[in-house]
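Q: These protein sequence lines are chains L and U, in that order. Counting in our numbering, the first sequence runs from 1351 upward without gaps. Counting in our numbering, the second sequence runs from 597 upward without gaps. We treat Cβ as the ideally placed atom computed from N, Cα and C, and that holds for glycine. Got a structure for you, written out below as structure tokens; questions coming shortly.
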Amino acid sequence: MPPETGAVVEARGIHKRFGATHVLKGVDLSVGKGEVVVIIGPSGGGKSTFLRTLNYLDQPDSGEVWINGAAMGAAEAGSGRAKLSDAGLSRQRRQVGMVFQQFNLFSHMTALENVMSGPVHVLKTPKDAALADARRLMALVGLADKEASYPGQLSGGQQQRVAIARALAMHPSVMLFDEPTSSLDPEMVGEVLQVMLDLSQRGMTMVIVTHEIQFARKAADRILFMEDGRIIEEGRPQELMDSPRNERTKQFLNLVAEGS
Amino acid sequence: MIWDWAAFLHYLHSPYLLTGAAVSLALSIGAMLIGLVFGVGAAMMRMSHRRWVRAPASAYVWLFRGTPVLVQLIIIYTGLPQLGIQLGVIPSALLGLGINEGAYLAEIIRSGISAVPKGQFEAARAIGMTWPKTMRIVVMPQALRIIIPPLGNAFNGLMKTSSLASVISMEELLRRTELLVQVQFKVLEIFIVAALYYLFLTTVWGFIQARLEAYASRSVSPIANVTVPADAT
Chain L
1351 MPPETGAVVE ARGIHKRFGA THVLKGVDLS VGKGEVVVII GPSGGGKSTF LRTLNYLDQP
1411 DSGEVWINGA AMGAAEAGSG RAKLSDAGLS RQRRQVGMVF QQFNLFSHMT ALENVMSGPV
1471 HVLKTPKDAA LADARRLMAL VGLADKEASY PGQLSGGQQQ RVAIARALAM HPSVMLFDEP
1531 TSSLDPEMVG EVLQVMLDLS QRGMTMVIVT HEIQFARKAA DRILFMEDGR IIEEGRPQEL
1591 MDSPRNERTK QFLNLVAEGS
Chain U
597 MIWDWAAFLH YLHSPYLLTG AAVSLALSIG AMLIGLVFGV GAAMMRMSHR RWVRAPASAY
657 VWLFRGTPVL VQLIIIYTGL PQLGIQLGVI PSALLGLGIN EGAYLAEIIR SGISAVPKGQ
717 FEAARAIGMT WPKTMRIVVM PQALRIIIPP LGNAFNGLMK TSSLASVISM EELLRRTELL
777 VQVQFKVLEI FIVAALYYLF LTTVWGFIQA RLEAYASRSV SPIANVTVPA DAT
């Protein structure tokens, strides 16, 4: 049954296996409009996989995902339905922006062409409208002067900001960030986090997987601690970080605190 | 008589041989186009995750790369009529060279596509591109710059391999050279002219290929090769 929660993202009972490895063991998540949810936890705990099931880049083995009340990968709401075609799934993915750890900018396109690629090729937006919007977004991420640069000519931080602009160009209802700063040099982490912070203050709905604990404290409405394929603990940033109830959460936060 | 300059210079601009060279070029282009159709098709099929799609394409590549193109040409032109399949000289030459070429191009194209990083596919899917769109707009343009150099070399090879069509009496450059020699007896002079024609064709192609390569890789300035181990889960 489709949930009547009005949530932008609703995931219930997500399971995922890769071969013999049971990566996700029943994960639930509900994200309201404008809410920023940060998922933390040790590597290998299933954070990224869970994020990728939300837009069906990895299809869950069981469990369901609803985006704006529509079941992902399903031809129609309700049980006993058929699987959605490639075209149908692609249509659903338009509503979900995704930012990757490795940026994944299209290397044969300029920064501006990257940002325009979704609107022009997927939404069939007229070129001049797409161009104007892409310019606005390049300015929003502080790269108005890099429009003509190819990804190979940009620093990691700049590439990631272009990647955020590319995802925003689809005007998604939710943005997923998969460890967006993990492959950046330390001095570039700040510029990307700043763009994300701006976005959250503009009311963007976001689900973020990150190891940046201080950022999580600042930006998150809610933090989930995930380990071994399950959400172990969740709460408001202050609660979870200053007085974690779960022993594993405590250990993890201490470990991260030592590291930084 | 050792070397007859007058004869050599005469045949150098013989319309008979020039036409033969033009036929060789046309045959090569035609066979290349046929080869590209077969090659792209077979490459796509071999990347499918369904075995019954992969298998015929693999068999095709195995068969045509594993036997000499000369044998294939003779089978198509002189063997198939026995089964009631009559193909003229030109269709036989085009088809024989083209299908053979396709088997080699399939491997080139497949390796080009698999050299495009997985993240490029994922990013295209994530902004809502369908599979065909992902291939056309994101993957193929990037595969092309990897594919163009070997593809150009394949065409260079094909222009020379096209001379095998002389065996099934296709009147291309080599066949016309042989016919001319039979009447004129200036063996060395005429064959050297033919060799120069082939050399001219491959040399001009070499220049075109260099331009194509430069064009296809115009966006690859210092590509940042990010090699951070991704969080597997």
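(1) To the nearest whole angstrom, what separates the beta carbons of K1366 of chain L and L1374 of chain L, a pair I think is in contact under 8 Å?
(2) Among all the DSSP beta bridges, which residues are the ones paired with L1487 of chain L?
(3) Whose C-alpha, out of U:P687, U:E697, U:M640 and U:W648, is nearest the C-alpha of P665 of chain U?
(4) Using a cut-off of 7 Å between C-beta atoms, extract the partners of W727 of chain U located in chain L.
(5) For a contact meaning CB atoms closer than 8 Å, what does R1444 of chain L contact in chain U?
(6) With three or more C-beta pairs closer than 8 Å as the rule, is the stretch 630-646 of chain U touching the stretch 701-718 of chain U?
(7) With distances taken from CA atoms, which of U:H609, U:Y612, U:L621 and U:H606 is nearest Y794 of chain U?
(8) Taking a contact to mean a Cβ-Cβ separation below 9 Å, would you say L1526 of chain L touches N1405 of chain L in this structure?
(9) Name, please, each residue of chain U whose Cβ falls closer than 7 Å to the Cβ of L1407 of chain L.
(10) Can you give me the C-alpha to C-alpha distance between P611 of chain U and L776 of chain U, rounded to a whole angstrom?
(11) If you follow the alpha helix (DSSP H) that V657 of chain U is part of, which residue opens it and which one closes it?
(12) At least one CB of chain A closer than 9 Å to the CB of L1455 of chain L: is that the case?
(13) Do the stretch 1509-1526 of chain L and the stretch 1447-1465 of chain L meet, that is, are 3 or more Cβ pairs less than 8 Å apart?
(14) Identify the contact partners of P745 of chain U in chain L, using a Cβ-Cβ distance below 7 Å as the criterion.
(15) Using CA coordinates, which residue listed in U:R642, U:A689 and U:R772 is at the minimum distance from M628 of chain U?
(16) Under a CB-based cut-off of 9 Å, is R646 of chain U close to chain L?
(17) Do the stretch 1577-1590 of chain L and the stretch 1485-1494 of chain L make contact, defined as three or more Cβ pairs closer than 8 Å?
(18) Which residue spans inside the stretch 1429-1466 of chain L form an unbroken beta strand (DSSP E) run of at least 3?
(19) Give me the chain L residues within the contact set of V734 of chain U, using Cβ-Cβ distance strictly less than 7 Å, ordered along the chain.
(20) Beta-carbon separation of V1524 of chain L and V1381 of chain L under 9 Å?
(21) Please report the distance separating the alpha-carbon of I671 of chain U from that of V619 of chain U.
(22) In three-state DSSP terms, what is L1549 of chain L?
(23) Is L641 of chain U helix, strand or coil by DSSP?
(24) Please tell me whether R741 of chain U has its Cβ less than 9 Å away from any Cβ of chain L.
(25) Spell out whether any CB of chain U is found under 9 Å from the CB atom of G1540 of chain L.
(26) So, helix, strand or coil for M628 of chain U, using DSSP?
(27) Check the Cβ-Cβ distances between Q1588 of chain L and every residue of chain U, and say whether any is below 9 Å.
(28) Select from the stretch 696-717 of chain U all residues with a C-beta closer than 7 Å to any C-beta belonging to chain L, and list them in chain order.
(29) Are the stretch 708-727 of chain U and the stretch 655-662 of chain U in contact at 8 Å, needing three or more beta carbon pairs?
(30) Counting only beta-carbon atoms, is F1450 of chain L nearer than 9 Å to chain U?
(31) Mind pulling the chain L residues with CB within less than 8 Å of P737 of chain U?
(32) Taking only three categories from DSSP, how would you classify F1602 of chain L?
(33) Between which residues of its own chain and G1506 of chain L is the CB-CB distance below 8 Å, once the five residues before and five after are set aside?
(34) Compare the beta carbon distance of V1557 of chain L and I1389 of chain L with 9 Å and say whether it is the shorter of the two.
(35) Using DSSP with H/G/I as helix, E/B as strand and the rest coil, what is L1504 of chain L?
(36) Measure the CB-CB distance between A719 of chain U and M1448 of chain L and report whether it falls below 9 Å.
A: Per the coordinate set shown:
(1) For the purposes of this step, residue 1366 of chain L is taken as the residue at position 16 of the first sequence. For the purposes of this step, residue 1374 of chain L is taken as the residue at position 24 of the first sequence. That belief holds up - the Cβ atoms of K1366 of chain L and L1374 of chain L are roughly 4 Å apart, short of 8 Å.
(2) Taking the first sequence and counting its residues from 1, one reaches residue 1487 of chain L at position 137. Beta-bridge pairing links L1487 of chain L to no other residue.
(3) On the second sequence, position 69 is the one that residue 665 of chain U refers to. Before going on, a small fix: residue 665 of chain U reads as Val here, not Pro. Selection U:P687, U:E697, U:M640 and U:W648 evaluated against V665 of chain U yields U:E697 as nearest (Cα-Cα).
(4) Walking along the second sequence from the start, residue 727 of chain U turns up at place 131. Per Cβ cutoff of 7 Å: D1436.
(5) Counting from 1 along the first sequence, the entry for residue 1444 of chain L is found at position 94. Neighbours of R1444 of chain L on chain U, chain order: I723 and G724.
(6) Contact holds: three or more Cβ-Cβ distances are below 8 Å.
(7) Taking the second sequence and counting its residues from 1, the one referred to as residue 794 of chain U is at position 198. Ranking U:H609, U:Y612, U:L621 and U:H606 by Cα distance to Y794 of chain U puts U:L621 first.
(8) Residue 1526 of chain L sits at position 176 when you count from the first residue of the first sequence. Residue 1405 of chain L sits at position 55 when you count from the first residue of the first sequence. A Cβ-Cβ contact shorter than 9 Å links L1526 of chain L with N1405 of chain L.
(9) Reading the first sequence from its first residue, position 57 is the one you call residue 1407 of chain L. Near L1407 of chain L (Cβ distances below 7 Å), the residues of chain U are E718, R721 and A722.
(10) As a position in the second sequence, residue 611 of chain U is number 15, starting the count at 1. As a position in the second sequence, residue 776 of chain U is number 180, starting the count at 1. P611 of chain U and L776 of chain U: Cα-Cα distance of roughly 12 Å.
(11) By 1-based counting over the second sequence, the position of residue 657 of chain U is 61. For V657 of chain U, the uninterrupted alpha helix (DSSP H) run begins and ends at R647 to R661, by DSSP.
(12) Protein chains L and U are contained in the structure displayed, whereas chain A is not.
(13) Yes, the stretch 1509-1526 of chain L is in contact with the stretch 1447-1465 of chain L.
(14) Within the second sequence, residue 745 of chain U is the residue found at index 149, counting from 1. Chain L residues near P745 of chain U: none, gap ~16 Å exceeds 7 Å.
(15) As a first step, residue 628 of chain U must be located in the second sequence, where it is residue number 32. Ranking the options by Cα distance to M628 of chain U, first place goes to U:A689.
(16) What you label residue 646 of chain U is simply residue 50 of the second sequence in a count that begins at 1. No, R646 of chain U does not count as interfacial toward chain L.
(17) No, the stretch 1577-1590 of chain L does not touch the stretch 1485-1494 of chain L.
(18) Within the stretch 1429-1466 of chain L, the complete beta strand (DSSP E) runs of at least 3 residues are 1446-1449.
(19) Locating residue 734 of chain U in the second sequence gives position 138, counting from the first residue. Neighbours of V734 of chain U in chain L, taken as residues whose beta carbon is under 7 Å from its own, are F1456 in chain order.
(20) Counting from 1 along the first sequence, the entry for residue 1524 of chain L is found at position 174. Counting from 1 along the first sequence, the entry for residue 1381 of chain L is found at position 31. For V1524 of chain L and V1381 of chain L, yes; Cβs fall inside 9 Å.
(21) Numbered from its first residue, the second sequence carries residue 671 of chain U at position 75. Numbered from its first residue, the second sequence carries residue 619 of chain U at position 23. Between I671 of chain U and V619 of chain U, the C-alpha separation is close to 22 Å.
(22) Locating residue 1549 of chain L in the first sequence gives position 199, counting from the first residue. DSSP, reduced to helix, strand and coil, places L1549 of chain L within a helical segment of the structure shown.
(23) Position 45 of the second sequence, counted from the start, is the residue given in the question as residue 641 of chain U. Checking the sequence shown, residue 641 of chain U turns out to be Met, not Leu. Three-state result, M641 of chain U: helix.
(24) Within the second sequence, the letter at position 145 stands for residue 741 of chain U. R741 of chain U counts as touching chain L.
(25) As a first step, residue 1540 of chain L must be located in the first sequence, where it is residue number 190. By the rule that beta-carbons nearer than 9 Å mark a contact, G1540 of chain L does not touch chain U.
(26) Counting from 1 along the second sequence, the entry for residue 628 of chain U is found at position 32. M628 of chain U: helix per DSSP, three-state reduction.
(27) As a position in the first sequence, residue 1588 of chain L is number 238, starting the count at 1. For Q1588 of chain L, not one C-beta of chain U is nearer than 9 Å to its own C-beta.
(28) The residues in question are G715 and Q716.
(29) Contact between the stretch 708-727 of chain U and the stretch 655-662 of chain U is absent, because fewer than three Cβ pairs lie under 8 Å.
(30) For the purposes of this step, residue 1450 of chain L is identified with residue 100 of the first sequence, where counting begins at 1. For F1450 of chain L, the answer is yes, since a Cβ of chain U falls inside 9 Å of its Cβ.
(31) On the second sequence, residue 737 of chain U is found 141 positions in, with the first residue counted as 1. Residues of chain L passing the Cβ test: H1458.
(32) Translated into positions along the first sequence, residue 1602 of chain L becomes position 252. Helix at F1602 of chain L.
(33) As a working note, residue 1506 of chain L is residue 156 in the first sequence. The answer, listed in chain order, is F1453, S1533, L1534, D1535 and M1538.
(34) Taking the first sequence and counting its residues from 1, the one referred to as residue 1557 of chain L is at position 207. Taking the first sequence and counting its residues from 1, the one referred to as residue 1389 of chain L is at position 39. By the CB criterion at 9 Å, V1557 of chain L and I1389 of chain L fall inside the cutoff.
(35) Looking up residue 1504 of chain L in the first sequence gives position 154. Looking at L1504 of chain L - three-state DSSP - the assignment turns out to be coil, as it is neither helix nor strand.
(36) For the purposes of this step, residue 719 of chain U is taken as the residue at position 123 of the second sequence. For the purposes of this step, residue 1448 of chain L is taken as the residue at position 98 of the first sequence. Yes, they are a contact pair.
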